[in-house]
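With the first letter of the sequence shown counted as 1, position 1 gets the number 1 in the UniProt record's numbering; the numbers rise by one all the way through. Even glycine gets a Cβ: it sits at the ideal position worked out from N, Cα and C. Structure, as structure tokens:
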Amino acid sequence: CLNMIHKRWNKQKFTSQHGQDWFLFVNYFHHIEKGFYLDIGANHYKDLSNTWFLDVCLGWDGICAEPDPDYGELLRQHRSCKVINTCVDSEARTMALQAAGIAIGHMVTLDKKNEQGKVLKCTTMHNIIKDNNITHIDFFTLDVEGHEMHVLKTMPEEADGLTIDMILLENDKPVDEVSKCLVGNFLRFPFWNRGYGLVTYFGAPSGDDLWVNLRQPHMWRTHLDHGRNIKRMEASRFNIYRNSQFYGEEKKNLTQKFLRRFNWTR
Numbered sequence: 001c002l003n004m005i006h007k008r009w010n011k012q013k014f015t016s017q018h019g020q021d022w023f024l025f026v027n028y029f030h031h032i033e034k035g036f037y038l039d040i041g042a043n044h045y046k047d048l049s050n051t052w053f054l055d056v057c058l059g060w061d062g063i064c065a066e067p068d069p070d071y072g073e074l075l076r077q078h079r080s081c082k083v084i085n086t087c088v089d090s091e092a093r094t095m096a097l098q099a100a101g102i103a104i105g106h107m108v109t110l111d112k113k114n115e116q117g118k119v120l121k122c123t124t125m126h127n128i129i130k131d132n133n134i135t136h137i138d139f140f141t142l143d144v145e146g147h148e149m150h151v152l153k154t155m156p157e158e159a160d161g162l163t164i165d166m167i168l169l170e171n172d173k174p175v176d177e178v179s180k181c182l183v184g185n186f187l188r189f190p191f192w193n194r195g196y197g198l199v200t201y202f203g204a205p206s207g208d209d210l211w212v213n214l215r216q217p218h219m220w221r222t223h224l225d226h227g228r229n230i231k232r233m234e235a236s237r238f239n240i241y242r243n244s245q246f247y248g249e250e251k252k253n254l255t256q257k258f259l260r261r262f263n264w265t266r
């Protein structure tokens, strides 16, 4: 963790595929001492993980939903999150797990004529929220290899008592189609199209979209005041470094601030 703070310019020090965890930490989560995350499609406990840094280094609480039993066991051994070791779908139904390693696992509807893969009884996002009495999520990351629409169909609305500050959503659409795709598919969810803004994307031309809750000024005001030059660019190239509000001497000051706040020894 100390190396990740001191040597944040080294891409290899952070675990997300395209630097998502670094971007979120520097631009948003540096001020949160004890946050909460929901990671659906957690996959490997560390490799390509969007929440490993939040969990292990910042001490956040969280829930990791992962259908693969092997990855589920690794999450229990190496992470502090509550592990839900099954699939998440639009309804509680039977699904077949087809996995082919890190970042390639996906769920498909069970076909009696082709019962390949491990059969699981899926839960829903609504059930996860309700069963764990969740009212606020600082960071929600969803990566289920094209199954995102099914998961989000049961996501509670803000009127139901759930607030989410930041959402990292995998998409398989080219960058130019992202906004059209989301607006077209989530009209039934005022939570999405009334109050969230698209901050940036990672892994262009397709990859992850980062959405911020515009009703939470503490999440986006800093970005507007100090990050006017932050443009929608491929974060995997880390051009975003020179446009963040933490640069040069401020980078050094931020490091010292965190060492004092968290009393890190790891």
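Legend entry - Unbroken alpha helix (DSSP H) run spanning Phe23, endpoints: 20-27
Inset, instruction - Look at Thr141 and Asp39 and say whether their C-beta atoms are less than 7 angstroms apart. - result: yes
Inset, instruction - In angstroms with no decimal places, state the Cα-to-Cα distance between Leu214 and Asn171. - result: 21 angstroms
Inset, instruction - Taking all protein chains shown into account, decide if Asp160 is buried (16 or more other Cβ within 10 angstroms of its Cβ) or exposed. - result: exposed
Inset, instruction - Confirm, please, whether the CB-CB distance from Phe139 to Tyr37 is below 7 angstroms. - result: yes
Inset, instruction - Report all residues from its chain with a CB closer than 6 angstroms to the CB of Cys87; omit the five preceding and five following residues, and keep chain order. - result: Same-chain partners within the cutoff: Pro67, Met95, Met107, Leu120, Cys122.
Inset, instruction - Assuming Phe53 contacts Asp89 (C-beta within less than 8 angstroms), just tell me the rounded distance between them. - result: Not quite, the Cβ-Cβ distance comes to about 28 angstroms (not below 8 angstroms), so this is no contact.
Legend entry - Residues sharing a beta bridge with Thr141, DSSP: Asp39, Leu168
Inset, instruction - Check whether the Cβ atoms of Leu74 and Tyr45 sit closer than 7 angstroms, and answer yes or no. - result: yes
Inset, instruction - Could you tell me how far apart the beta carbons of Ile32 and Ile63 are, in whole angstroms, since I believe they sit closer than 8 angstroms? - result: Going by Cβ atoms, the distance from Ile32 to Ile63 rounds to 17 angstroms, so no, they are not a contact pair.
Inset, instruction - Give a yes or no on whether the C-beta atoms belonging to Gly146 and His18 are separated by under 7 angstroms. - result: no
Inset, instruction - Using three-state DSSP, classify Leu97 as helix, strand or coil. - result: strand
Legend entry - Segment limits, beta strand (DSSP E) that includes Ile63: 61-65
Inset, instruction - Please check the pair Leu210 and Met166, which I expect to be a contact at CB under 8 angstroms, by giving their CB distance rounded to whole angstroms. - result: 7 angstroms
Legend entry - Sub-7 angstroms separation of Pro156 and Ile129 beta-carbons: yes
Inset, instruction - Look at the alpha carbon of Leu152 and the alpha carbon of Met125, and state the distance between them as a whole number of angstroms. - result: Just so you know, the alpha carbons of Leu152 and Met125 end up roughly 7 angstroms apart.
Inset, instruction - With DSSP collapsed to three states, give me the class of Asn127. - result: helix
Inset, instruction - Using three-state DSSP, classify Cys1 as helix, strand or coil. - result: Reduced to three states, the DSSP call for Cys1 is coil.
Legend entry - Assigned exposure category for Ser49 - 16 Cβ within 10 Å defines buried: buried
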